[in-house]
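Data first, discussion second: the structure below is written as structure tokens.
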Amino acid sequence: MRGTPYEQYCLQKPECDPNYPYRTIDGSCNNLRNPSWGQSMTQFNRLLPPEYSDGISEFRVSVNGQPLPPPRIISLEIFEKSDEDDADFSNRWNVMFMQWGQFVDHDISLAASTRASNGQGLLCCNRTNAQGPLMHPACRPIFLPEEDPFYSRFDRHCSNFVRSAVGPKNSCNLGYREQTNVVTSFLDASMVYGNDLNRSRLVRSFRDGLLKTEQINGNEWLPFDTMNNSLACAVRKRHGNNRCVFAGDVRVNQQFGITLLQLMFLREHNRLAKLLAKLNPYWDDEIIYQEARKIVSAEIQHITYNEFLPDALGRNVIRHYGLSLQPNGHSLEYDPNLNPSILNEFGTAAYRWHTLVQKYYHMITGRNNPVRRFEMNRIFNNPTFLYPRDASDQAIRGIVKRPTERFDCAFTEDIKNLLFAQQQETRDDDNQRVGMDLVSIDIQRGRDHGMPTYNQIRRLCGLQPVKNFRQLKSILSDDDDWEHLSRVYSHVDDIDFWVAGNLEKPLQEGILGPTFSCIVGEQFRRLKYGDRFWYENGQMKHSFNDEQLTELRKVTLAGIICHNSNHINRVQPLAMVTISKQNPELDCSLIPQMDLSPWKTVKPNTDNNGGSNSRPDNGNNRDYNVRRRPKQQKQNGWKNQNHRNRLNGQLRSNDNDDHNVFVVVPNVKRIYHHHSYRPYDFHDYHRNIPYPFNTVIRQNYE
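The sequence shown begins at 1 in the UniProt record's numbering and counts up one residue at a time.
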């Protein structure tokens, strides 16, 4: 498009200062050779070219040329509706496990939506414009069957669906439809700080490095969204304390858990800023803000790779993709040739774990007494239930004490029929609430984004493609899943990636099957090795020094909760794992905490120009204890059978979900750093196997 009037829409190459010691807010200039990699408002990356029926934009069709089965039909036939009474709960992971996954998602992925010229959302099921030439070209409504067991009671035959906005290619070439990632791809706490300069300024106080806060019933809270800058707010009469809140991400009000984690890390930033200011009274607002932001980003990276991913993926996948963290010293494994941008296959399919979502959020007192529970469908985009004095602590206790649902084919009705029912304010048939079906939306979104099929992803990952439906029996969790698939799909090559990925038997010690594990592992490999500001990286001007890294390795989610809740003084060390004899609830004084004294600096002399360098010493003149990237071993991509078997392993079901976690508490005086009481030490694994995807990571489908 260059040299045409459309060039104005092309991505402009950022101007970078290689000596700037902090991340940019929009993620630009992380990679100095390719400064737009991972930047907000750039296209999603792909491992495979998209599957559009016309090669450009239209939804994929069956191999026989007929339309694919409607998403709601698939939802009804394959994915069960679960309730609190009959849900299958995990006996290992709690609700915080699910919640942290969503928190990370809000940091790295948000597809741009199509809106009307006035900025309003599109209504594709309005009777006056839902058909014919009046329908907006971005409308692809989900049609509901006449005999639908839920929607037919309300005479509903259409559910709103708007395609993701068309985004310009990073290369500025014409071609097939691409989607835009609104947020930065990096694990950089952008959900706390924002993804562009305007939003980042709105969350800052510009005083002592602090973020803006609001006092609600005597507690420090996220600031109110007085300008309606968040994505949605279901609070009807907005006045006084009866408002939604504001944060770096527009989805902050979506539900209780995400709001609470946003609150925890707002408080964590301000806690760090106050301590840094005391240690270094000559630091100005900007340095305090940037240093606190840098620490918070490192904390989120460490918690994600140290607590979340090992339980999500299991040790074999962690080892296969080199996702283990170092026990000490720095890493020299940054790869400037590795594009960390979020993969469409990841954000649109493999990381949509909505089966883990539970129906209720439970409120629990400090004496472990349940006081109330809230249905998910009644708290969408309404955080006001958390404003009473003790409510946020009660909700956090419920999140860390209650088990999450298993990763299976069952979805709570609150997201299967009642998604955003509160927001829609639609009530029929004896005042019952009506919402949307997130399962149908996930399927439709995959087709909107041109997701490759399940078999295509299996081939990409070096897994044997399925030739007929009966072959699925040994791959899927339930014996009759293959029969359900055969009833709705005409051919195995028609099966949507997200659909079959949700049905696979989990790999050993993880929650995901091999295809989801393949894509999720590859994405987090890119986020680790393709991020110049990864917190373990050494010998860079922005690197943490040895003493600082030692302190950062003490960070746990349990410690974050202890520091930033109102009155919670007991929590289990593994905050995403249910309480047990191996993971007992402990006093917060026994949870490892980070010491900020390594960030104390000596006040420098002011130079003749009135300037000074008061940033902390990053230790670049020190001797590093580093792990260097091993020489790449030759291999035949994913076609090597032995290499493929390392990922596929045993498709053994985790029926009990309870591999042992040992916490040694002799005369309970101190709990040791997280690595000493994991069921296995992920740092013992060396990346002595070839990197997966050697044959595809250099391909750019632009």
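A virtual CB, placed ideally from N, CA and C, is assigned to each residue, including glycine.
Residue 581 counts as exposed, since fewer than 16 other C-beta atoms from the protein chains shown sit within 10 angstroms of its C-beta.
The three-state secondary structure of residue 326, taken from DSSP, is coil.
Rounded to the nearest whole angstrom, the C-alpha separation of residue 105 and residue 159 is 25 Å. Closest option to residue 453, judged by alpha-carbon separation, among 253, 175 and 47: 47. In the DSSP annotation of this structure, residue 579 is not part of any beta strand (DSSP E), being labelled neither H nor E. In the three-state reduction of the DSSP assignment, residue 301 falls in the helix class, which pools H, G and I. Counting only runs of at least 3 residues, the region 73-113 fully encloses the following beta strand (DSSP E) elements, listed from N- to C-terminal order: 80-82 and 89-94. With 16 or more other Cβ atoms from the protein chains shown falling within 10 Å of its own Cβ, residue 442 counts as buried. Shown here for residue 403: same chain residues with a beta carbon closer than 6 Å to its own, the five before and five after excluded, namely 89, 90, 94 and 578 in chain order. Closest in C-alpha terms to residue 351, from the list 374, 309, 379 and 364, comes 309. DSSP places residue 157 outside any beta strand (DSSP E), giving it a letter other than H or E. Take residue 525, set aside five residues on each side of it, and the residues of its chain with a beta-carbon closer than 7 Å to its own are 321, 322 and 323, in chain order.
Every unbroken stretch of the alpha helix (DSSP H) spanning 4 or more residues and falling wholly within the region 242-315 is given here in chain order: 256-279, 285-303 and 309-313.
With 16 or more neighbouring CB atoms inside 10 Å of its own CB, residue 494 falls in the buried class. Separation of residue 246 and residue 65 (C-alpha to C-alpha, rounded to the nearest whole angstrom) is 47 Å. DSSP, reduced to helix, strand and coil, places residue 355 within a helical segment of the structure shown. Contact between the region 154-169 and the region 117-124 is present: 3 or more CB-CB pairs across the two stretches fall below 8 Å.
In this structure, residue 256 sits away from residue 387, with a CB-CB distance that is not shorter than 8 Å. Contact between the region 178-198 and the region 12-22 is absent: fewer than three C-beta pairs spanning the two stretches fall below 8 Å. The C-alpha of residue 330 lies about 9 Å from the C-alpha of residue 545. Non-local C-beta neighbours of residue 80 in its own chain, meaning closer than 8 Å and more than five positions away in sequence, comprise 409, 410 and 411, ordered along the chain. Within its own chain, the residues whose Cβ lies closer than 6 Å to the Cβ of residue 299, once the five positions on either side in sequence are excluded, are 555, listed in chain order.
The beta-carbon separation of residue 156 and residue 434, rounded to 7 Å, stays under the 8 Å limit for a contact. Judged by their CB atoms, residue 551 and residue 598 are nearer to each other than the 8 Å cut-off. Scanning the region 171-251 for uninterrupted alpha helix (DSSP H) segments of 4 residues or longer gives 190-193 and 197-203, listed from N- to C-terminal end. With a threshold of 16 other beta carbon atoms within 10 Å, residue 341 meets it and is buried. A Cβ-Cβ contact shorter than 8 Å links residue 355 with residue 407. Shown here, residue 320 sits in a helix according to DSSP, grouped into three states. Per the coordinates, the alpha-carbon of residue 460 lies some 20 Å from the alpha-carbon of residue 337. Residue environment for residue 357: buried (at least 16 other C-beta atoms within 10 angstroms of its C-beta). Counting of Cβ neighbours within 10 angstroms places residue 391 among the buried residues, the total reaching 16 or more. If you draw a 10 Å sphere on the C-beta of residue 227, you find fewer than 16 other C-beta atoms in it, and that means exposed. Using a Cβ-Cβ distance cut-off of 8 Å, the region 229-248 and the region 167-175 are not in contact, since fewer than three pairs of beta carbons, one from each stretch, lie closer than that value. As the crow flies, the alpha-carbon of residue 116 is around 12 Å from that of residue 135. Around residue 503, the same chain offers 409, 476, 477 and 481 as residues with beta carbons nearer than 7 Å, after the five sequence neighbours per side are excluded. Residue 346 places its beta carbon 8 Å or farther from that of residue 296.
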